[in-house]
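Chemist:
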């Protein structure tokens, strides 16, 4: 089953939290928001559509009230983006 963390890694090409030790990573998870998935990408990486950055950022928000209310709402947002991408093609 895919998670929001998986979406972040697919878009960013890296995990949302990194650090030299597991304790550092846990501390960052508890205290910090992850950077937007389009920040610090490798030069030459394809751009991430801004709509997907917004969806992922909202899904990873620190405060529950800032996230999607449930998995269905997140799924519907991603599906709407996919349908729009297909129309644009």
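Numbering (our numbering), first residue to last: 33 to 121. We put the CB at the ideal spot given by N, CA and C, even for glycine. Predicted, not measured: the structure shown is a model, and the values here were computed from it.
Do you know how far the Cα of residue 50 is from the Cα of residue 91?
Modeler: The alpha-carbon atoms of residue 91 and residue 50 are separated by roughly 19 Å.
Chemist: Closer than 7 Å by C-beta to residue 40: which residues in its own chain qualify, once you throw out the five before and the five after it? Chain order, please.
Modeler: Counting only Cβ-Cβ distances below 7 Å, and skipping sequence neighbours, we find 48, 66, 69, 88 and 92.
Chemist: Buried or exposed for residue 117, going by 16 or more other Cβ atoms inside 10 Å?
Modeler: That one is exposed.
Chemist: Taking residue 84 as the reference, which of 119, 52 and 114 has the closest Cα?
Modeler: Measuring from the Cα of residue 84, the nearest candidate turns out to be 114.
Chemist: Would residue 44 be called buried (16 or more neighbouring beta carbons within 10 Å of its own) or exposed?
Modeler: Residue 44 is buried by the Cβ-count criterion.
Chemist: DSSP on residue 90, reduced to helix/strand/coil?
Modeler: Here residue 90 sits in helix by DSSP.
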